Each structure stands twice: as structure tokens, then as C-alpha cells.
Amino acid sequence: MKLIFLLALLLVVLARDDPKYDALYRTPTQPLTNSFIDAQEMHWFSQIVDHYDYRQEQRFNQRYWVVDEYFNPRSGPVYLYICGEWICSGVPELRTWVGVLAQKTQGLVLVLEHRFYGDSLPFGKQSFTLENMRLLNSEQALRDLAFFIEEIKSTQAYGITNNPWVSVGGSYPGALSAWFRIKYPHLVIGSLASSAVVLAVEDFKDFDEQIYLSSARSGDFCWQALNASNHRVESILYSSPEAALEFKSQFPGGMKLTNDEFLFFWADSNVLTVQYGGRTAICQQLAAKNEDEQFEVIKQNALNFDVYEYSSYWLRN
Amino acid sequence: MFTSTAPTGSGTRPSLSNVFAIQRDQKCGAPLVLPVLHLIRLLPDLLRPSSHAFLQTGPRLLQEVLRRCLRGRNLGEGGDQEHGVRRTLRQVHQHHLLQRRRRYASVDIDPWRWASLQHTENRDLVARVIDCPNCAHCVDLYTPEFSDADSLKKARDEQYLTISEWIANYWQEVSRNNLEKLLLQEI
């Protein structure tokens, strides 16, 4: 008798309209305004420098951003948007899908800057010595995220209590997002991993192959022009030091690059163009042109990119 | 020129970390002394012009030496590069057994798709390759536009539905747990 009563009670409770469940589907979708970007507030979080050194607990200040304008603390989820190998500025204006998700599900968005990037430097100006950079790795970064969630939960900041967390990231942070769900399944209910590079590949030939396949969609002339430009630059750079210097100095800061660094920059300017959706645009410009004109187009495209991060000289000075 | 078969050339590009490692530590002579037999076996491949790989630049021999040279270097916390690759893959594969509630999205034109997960059978681990013209690396995280490709819109809708489901399931679980606690107290 008691058992039947319990079962009946269970059924009633499960079947009733859960306000939290309903809220998800009732929220109308409004167009996301710029206010989402403006609403981001930056704060500092006291993070542990070395999560694997149990003898001491040195701290550093890590940046994070909050957007709580859609948040319903009673039922909303918390989106942890993971920043990666760049200076973080919260959710960028061009990447607000997480904001739309937050709006639709009455969620909160938290953005955490990756250690060693932007202003989140574990050792301040001394962060970039070899000795200190041993703490720049994905395992420490994952522990950063875990500690961040734990602290936010325990202080009930922003009204967060037992709200569900979802991790979100793209590219390297995409991999972090996927790994995080595996390593800390009790902290997030799921993860969204966009273009997540979770597999390690040595000698990554498929990468080049894909650039070929993608540019070939516009026609063979496109990949042929890109390929020919690589060889042309290669022959210029290795013909004579003067010719190399002359060509490289057409790019701001370019004269300080070694030939190999410059070739990496050149190939990468093509890669980045294809990778970030510029394939049709550049291929259209290359159509029905002779080789010299095509080279000029590709050179102009390369001029849109900075050489500095390809140069060991500029990175050190 | 590029052949339709799999490229035989190395796709390795001198990445920044490699460049650093070389310059910081000039003791890269040792790998140059490759066993002679091994070198002879490699020769036909090494002397091939560099045009075999689409983006590859620089003399092939030099690249090969550089690669071998770097292999023995300590490139990070976990030892040499090969070891690091193996360790990451071991983690990923081990984790595939434990996978739950993850969503992967890749883009068909994106060169990084080959380092991601593109197909799964598991309902708790959804991987989608978004096939859309002029899409980009991480395009699903971009700000939605009316002009987005239908395939992208569909992928985003699916993401939203999946996440909503996770959230709903979570709250159901919470209320079930609360109920259990309540019942236990009563008993």
C-alpha cells in the first residue's frame, strides 16, 4: 500500500507542469541587440597559479566577463564561454551565438580569459620566461575553469545556486570545452565544441589537402594560382638575399622575418583567407587573369595580414 | 603539381614553436647524423620537389631534418612531440568510452575538421559537419544573420534544441532527487 502511494506521488510530481521546464519553450526569440555586447562587465577572479602544486597556493588575477541581462536565476543555465589563445574581450561582437542561446534559455554568460593571454598573466611581466611558461598548458587551463565554477557556485555570485552549466568554445577552446565535460562531468551538464581540435595529428597533411579541396570548389584555376604563388615567393626568396629583402620589405615589418618565417606567413595568409570564409571572394578575383595579375591579387590579400606574429624577431622585441 | 591521390610530401610547416625551439637551443646537429640506410630509404622522397604538398614551401630535405630534429626536443610538459601526440590521442580515445552530452560542430571547408570529431553514432555525443558555402572555422558561434545558409541555420536550431533538452533533463533530475530526499525524510 505504501509502495503504491509512493509511486502515485512520484507520477504526480513528474507529470506536473514544471515551471523551469516550461520557461525554456515559452521565451520568445527577439533579435539580439548590441546591448548584449555593451552589457558585458569585466571582473577579476583570484585564480590558483599552479593547480598541481599542493604545497602552496599562490594566486593571480584572471579576467572574466559577465552578461546577466537575460538571466533568470530560478531556472536559467550558465554558459561558460571559454576564451583561447588570444587577448580576450568577452564575447566578440561577431560571435554572439552564445548570447542568443542565453536569451532563448534565460541564461547567464560568463567568459573566462585563458591564462597567459591578455591581462591574465600568472607571473605578471615575468610570465614569459621558460621556467614560468611550463604552467601554460591545457591541463592547467581546464583546472582554471573547474576552480572558477566551484568558486562561483560556492559564493552564489550572480544568484547562481544549483543552476546547470554548459561549456562553450570554438577551435582550441572548443577542444577545452569537450575535454572539460569529460574531466569534470559533475560541473557541466554538457558542452558545445565548435571546430574543436580534440585530436592530435602529427604531420597534418589533411590540413593542406582541405585547403586544396576548399579552393578547388571555385575551380581548378583558384588552387593553381594559390599554389603557384607559393612557388613564386619561394623562388624569389631563395634567388638572392637582396631580392628576398626587397620583396619582404614590401610588407610592414617584413624585412625582419627569415625566409622560412616569411613563407609560413605567406602560406598562412592563404589558409586564413579560406579558413575564415573568404574563399569565394579571393577566387573570384583570381578568375580569368594571367599569372602576374593573379600573383598581384594574392599579394594584396597577404598585405591584409600582419607579419609580426610569424616573426621570432618581432615577438622578442 | 598537386595530384589527385593523397599528397606524398610533408605538410609540416615551420610553426612558430618549432622556430623558437631551434633558435633557443642550437644543438640540433645530432639528428643530422641519421643512420645511412634510413637516409637512403628516404632519399627518393626527400629529393622530390616541394610542390607535392599544396601549401608546402621550403626545401623538402630541410623540412624533414627540421622535423626529425624537433622530435627529439622537449616541446612541453610531457616530453617529446611524438609522445605528446600519443598522450593526447590516448586521452581522447579513452574518453570516447565515457562520453556523454557533448556536441561537436565542424565546417566542411575548414582545414581543422580533420583534427575534430566528424561522425558519431552515440546519441549523447553528437557530431555534425556543417556543409555550407563560404562558411568558416567556428562559424556556428558567429552572430546569426538572416543571410546565413540554411544548413547553418538548421545546425544552430539543432544545437539549441539539444541544449534545451539537457537543461530540461537536468531540472527533472533535480526535482526527482528533491522528491527522493523528501520521501526519505517522511519515511
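Protein chains in written order, with my numbering: chain W, 165 to 481; chain A, 359 to 545. Note that CB positions come from ideal geometry on N, CA and C, so glycine has one too. As the structure is a computational prediction, the values presented were derived from the model and not from experiment.
Under the 8 Å criterion on CB atoms, Gly383 of chain W is classed as non-interfacial with respect to chain A. Non-local beta-carbon contacts of Leu475 of chain A in its own chain, meaning distances under 6 Å to residues more than five positions away in sequence, involve Tyr462, Ala485 in chain order. Between Gln270 of chain W and Phe292 of chain W, the C-beta gap is not smaller than 8 Å, which leaves the two residues out of contact. Within the same chain, Tyr472, Glu473 come within 8 Å of Leu479 of chain W by CB-CB distance, once the 5 residues on both sides are set aside. Here His207 of chain W carries a strand assignment [DSSP, helix/strand/coil]. Relative to Tyr245 of chain W, the option among W:Ala342, W:Ser239, W:Arg443, W:Gly383 whose CA is nearest is W:Ala342. If you check the CB distance, Tyr228 of chain W and Trp250 of chain W do not come in under 8 Å. Between Val230 of chain W and Leu285 of chain W, the gap from beta carbon to beta carbon reaches 8 Å or more. Around the C-beta of Thr437 of chain W, 16 or more other C-beta atoms lie within 10 Å, and the residue is accordingly described as buried. The DSSP-derived three-state label of Leu475 of chain A is coil.
Three or more Cβ pairs closer than 8 Å define a contact, and the region 352-372 of chain W meets that threshold against the region 493-507 of chain A. Straight through space, the alpha carbons of Cys252 of chain W and Glu277 of chain W are spaced by roughly 6 Å. Only residues of its own chain outside the window of five on either side were considered, and among them none has a CB closer than 7 Å to the CB of Val365 of chain W.
DSSP, read as helix, strand or coil, puts Tyr474 of chain W in helix. Look at the beta carbons and you see the region 364-384 of chain W not touching the region 413-429 of chain W: under three pairs across the two are nearer than 8 Å. Fully enclosed alpha helix (DSSP H) runs of no fewer than 4 residues occupy 261-269 of the region 222-276 of chain W, in order along the chain. Excluding its 5 nearest sequence neighbours in each direction, Ser378 of chain W has C-beta neighbours in its own chain below 7 Å: Val438, Arg443, listed in chain order. Taking the Cα of Ala466 of chain W as reference, the smallest distance to any Cα among W:Leu450, W:Arg219, W:Phe415 is reached at W:Phe415.
Taking the C-beta atoms as reference points, Asn327 of chain W is found nearer than 8 Å to Pro237 of chain W. Membership of Arg396 of chain W in the alpha helix (DSSP H) is indicated by the continuous run 384-403.
Looking from the CA of Tyr477 of chain W, the closest CA among W:Asp432, W:Asn468, W:Gly417, W:Val435 belongs to W:Gly417. From the beta-carbon of Arg486 of chain A, no residue of chain W is found nearer than 8 Å; the closest lies around 10 Å away. Contact residues of the region 356-374 of chain W toward chain A are Leu356, Ala357, Ser358, Ser359, Ala360, Val361, Val362, Leu363, Ala364, Val365, Glu366, Asp367, Phe368, Lys369, Asp370, Phe371, Asp372, Glu373, Gln374 (C-beta to C-beta distance below 7 Å). At a C-beta separation below 9 Å, Ala463 of chain A has these neighbours in chain W: Gly334, Gly338, Leu356, Ala357, Ser358, Ser359, Ala360. For Ile353 of chain W, there is no enclosing beta strand (DSSP E), as DSSP marks it with neither H nor E. Ranked by Cα distance from Arg279 of chain W, the options W:Glu295, W:Val255, W:Arg307, W:Thr260 are led by W:Arg307. For Ala507 of chain A, no CB of chain W lies under 8 Å from its own CB, so it is not counted at the interface with that chain.
A Cβ-Cβ distance of about 7 Å is found for the pair Trp470 of chain A and Ser335 of chain W, placing them in contact under the 8 Å criterion. For Leu265 of chain W, the residues of chain A that pass the 7 Å Cβ criterion are Tyr518, Ile521, in the order they occur in the chain.
If you ignore the 5 residues before and after Ala380 of chain W, its C-beta comes within less than 8 Å of the C-beta of Cys386, Trp387, all in its own chain and listed in chain order.
Pro491 of chain A and Ala507 of chain A do touch by the CB rule: their CB atoms are close to 6 Å apart, below 8 Å.
By the rule that beta-carbons nearer than 8 Å mark a contact, Thr501 of chain A touches chain W. Phe209 of chain W is positioned such that its CB atom lies no closer than 8 Å to that of Gln220 of chain W. Look at Gly442 of chain W here: in three-state DSSP terms it is coil, with no helix or strand label.
Interface criterion met: the Cβ of Thr446 of chain A is under 8 Å from a Cβ in chain W.
Using beta-carbon distances, Leu475 of chain A counts as an interface residue toward chain W, with a partner under 8 Å.
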